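Enquirer:
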Amino acid sequence: MIIQTKSDILLSEITPKAVFDDRRTFLQQAGIGLIAGATGLLTSPSFATSGNLPASYKPGNSPIKLPRFSKSKYGAGEKLTPYDDITTYNNYYEFGTGKDEPAIHSKLFKPVPWTVSIEGEVKKSKTISIEDILKLAPLEERIYRMRCVEGWSMVIPWVGFPLAQLIKWAEPNANAKYVEFISLADSQRMPGVNLPILDWPYTEGLRMDEAMNPLTIMAVGLYGEALPNQNGAPMRLVVPWKYGFKGAKAIVKIRFTEKMPITTWMKAGPSEYGFYANVNPQVEHPRWTQSSEKRIGAGLFAGRIKTQMFNGYTEQVGQMYAGMDLRKNF
Amino acid sequence: MPAWIYEKTFKAQMLVFLSKAPSKEWLSRFRLFLFLLCLIPLARLFWLGFNDDLSANPVEFVERSTGYWSLFMLLVTLSLSPIRLLTGRTWQLQYRRMLGLFMFFYASLHITTYLWLDYSFIWVDIVKDIIKHPYVLVGASAFLLTLPLAITSNNFMIRLLRERWKLLHNLVYLIAILGVVHFLWLVKKDIREPLLYAAILALLLGIRIYYKILSNKPKR
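Now the structure itself:
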């Protein structure tokens, strides 16, 4: 019987799956599997559960330690988008507006030390370090579809915890109807912040019930590793039934409000980006087709796939919008 | 580099390039050089494609690249007349047709990528995309307008149409404006690059307009 301790595990100590699989084969062949079991590695829920890592896999560049995590039921049957695609093709305007720029310009970014301040409609304003956040709730892997408003999508194995756990700790008061997430805007460390392309800092928001929904997570890891800088290290929001831009990255402030917050993209293009931004193939966008999407990693000749209502999460989230005109509340 | 090599090759070529009337032989060699130069963007795409190096979103990459080079070729084509107006040099004008057809070539690849790789020839979706999204509509219109220009880009058509040919080919200015607007409207927020092309186009058209006004001035 192996006793799982809650102690942190260094990223460098985690064995990538490819190596790990080889090890198991080797050990079985050598007939010493019993001894190997006692090392704890084989029965650790961490790497034994994550998806197939590509050959070009490299450890995350974030220095944050990631505790052990468990698998969850989400994403069964989905083909994971390769690690390289997830980490070299995304929007993170703080590090540049090109899709490849975040990976390039965030290389030297150090998300330590990191604290998140909790303010607004709460019992008491307070701050919490990323290390303490990681102790709030057990981590789990969530394989989610990610649909960008630009018409492309991925399947991403996040590691994180339900946002509800953090909200519980934050102790919002009865006036709190919305949650606002504010990202870091450090012009010294984030070159994109020097351009007035968006109204910095990047802010996003959720209605309280959306924030408390079990699907909504704070992600701190990707492919079993700590979240890479370009994907929002050390902690970013993931709301899988909404367009990707709702997922604020490198969050430094969480504010509870009574009124609906005006988010960065709502300010940038009120006719294009609404507060809800639910994935909805029936609501057209002035620029991009929303009824179908390109799956990243599928190749040059794969064509498009149909976009699903609420990105395929209607069962879990549909009831929150019952009776609402989703064309108006886009 | 030994001085004589510099004298014989680079300097000599540059002098020819800058001279008002290069030799016939040099001009035809330069045509071949330009032709091969214009094929490099296509060769690059094939090279990157074979090496699986077209980024995480290869369709978007090819779409953007062919669109970009189409606009680039168009702006180069439109710069030949301003060079004449500014320097009095005319030999560059003989490459106008070739460069214009390269614009059409890359625009065709751009459209093919859109219809085939992006939308798999699903016409219902394509029509919807064109109607609902202004930047697509503008781009599609620009491409349709290039068709008559490409079809009439031969000596036979020039002789046949005479004065009307010139009139028809004035469409190129409209196409250029639509092309830049297409780029400007497709960009989400960071419009620095399309603005650069808009500025270059404005400059090229501005030079023409300036000389037009100058030549129309009533003589005293």
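Protein sequences appear in the order of chains A and B.
Its first residue numbered 1, the first sequence is counted upward by one per residue in our numbering.
Its first residue numbered 331, the second sequence is counted upward by one per residue in our numbering.
Ideal placement from N, C-alpha and C gives every residue a C-beta, glycine not left out.
The structure displayed is predicted, hence computed values, not measured ones.
Taking only the alpha-carbon atoms, compute the straight-line gap between A472 (chain B) and P67 (chain A) and give it to the nearest angstrom.
Expert: Going from the Cα of A472 (chain B) to the Cα of P67 (chain A) covers about 55 angstroms.
Enquirer: Taking 7 angstroms as the limit between beta carbons, can you name the residues of its chain near W169 (chain A), skipping five residues before and five after?
Expert: L136
Enquirer: Looking only at its chain, what residues have a beta carbon closer than 7 angstroms to the beta carbon of L504 (chain B), apart from the 5 residues adjacent to it on each side?
Expert: L475
Enquirer: DSSP has W152 (chain A) in a bridge; who is on the other side?
Expert: Answer is A:K294.
Enquirer: With A528 (chain B) and V510 (chain B) assumed to form a contact (beta carbons below 8 angstroms), what rounded beta-carbon distance in angstroms separates them?
Expert: 5 angstroms
Enquirer: Go ahead and pull the three-state DSSP assignment for S471 (chain B).
Expert: helix
Enquirer: Out of A:K99, A:Y89, A:R142, A:G98, point me to the one whose CA is closest to S70 (chain A)'s CA.
Expert: A:R142
Enquirer: Mind listing which residues of the stretch 374-399 of chain B have their C-beta closer than 8 angstroms to chain A's C-betas, in chain order?
Expert: Contact annotation: in the stretch 374-399 of chain B, residues whose CB is within less than 8 angstroms of a CB in chain A are G379, L384, S385, A386, N387, P388, V389, E390, V392.
Enquirer: Nearest CA to the CA of T351 (chain A): which residue from A:V238, A:I182, A:T127?
Expert: The requested residue 351 (chain A) is not part of the displayed model; chain A covers only 1 to 330.
Enquirer: If we call anything under 8 angstroms between Cβ atoms a contact, is V279 (chain A) one with K242 (chain A)?
Expert: yes
Enquirer: Ignoring anything shorter than 4 residues, give me the alpha helix (DSSP H) runs that lie fully in the stretch 492-547 of chain B, in order along the chain.
Expert: 493-499, 501-516, 522-546
Enquirer: Do you know how far the Cα of D199 (chain A) is from the Cα of P524 (chain B)?
Expert: Using only the alpha carbons, I get a separation of about 21 angstroms.
Enquirer: Given that a residue counts as buried once 16 or more other Cβ atoms are within 10 Å of its Cβ, and exposed if not, what is P240 (chain A)?
Expert: So P240 (chain A) counts as buried.
Enquirer: Any idea which residues DSSP pairs M324 (chain A) with across the strands?
Expert: For M324 (chain A), which the question treats as bridged, DSSP gives no partner whatsoever.
Enquirer: If you draw a straight line from the C-alpha of K338 (chain B) to the C-alpha of A373 (chain B), how long is it?
Expert: Straight across, the Cα-Cα distance linking K338 (chain B) with A373 (chain B) is about 31 angstroms.
Enquirer: Any idea what DSSP makes of E121 (chain A), helix, strand or coil?
Expert: coil
Enquirer: Using the DSSP secondary-structure output, state which residues sit across from G205 (chain A) in a beta bridge.
Expert: A:E180
Enquirer: In this structure, does DSSP put Y436 (chain B) in helix, strand or coil?
Expert: helix
Enquirer: What number of angstroms, rounded off, separates the C-alpha of L408 (chain B) from the C-alpha of H512 (chain B)?
Expert: 18 angstroms
Enquirer: Going along the chain, which residues of the stretch 304-326 of chain A sit with their C-beta nearer than 8 angstroms to a C-beta in chain B?
Expert: Residues of the stretch 304-326 of chain A that bring their beta carbon within less than 8 angstroms of a beta carbon in chain B comprise R304, in sequence order.
Enquirer: When you check each C-beta in the stretch 436-462 of chain B against every C-beta of chain A, which residues fall closer than 9 angstroms?
Expert: W446, L447, D448, Y449, S450, I452, D455, K458, D459, K462
Enquirer: Pick from B:P371, B:L497, B:T482: whose alpha carbon is nearest that of A437 (chain B)?
Expert: If you compare the alpha carbons of B:P371, B:L497, B:T482 with that of A437 (chain B), the shortest gap goes to B:P371.
Enquirer: Please report the residue range of the beta strand (DSSP E) in which Y144 (chain A) lies.
Expert: 139-147
Enquirer: Which residues, in order along the stretch 147-165 of chain A, keep a beta-carbon less than 8 angstroms from a beta-carbon of chain B?
Expert: Result list: E150, W152.
Enquirer: For G297 (chain A), return the contacting residues in chain B, with the cut-off set at a CB-CB distance below 8 angstroms.
Expert: A386
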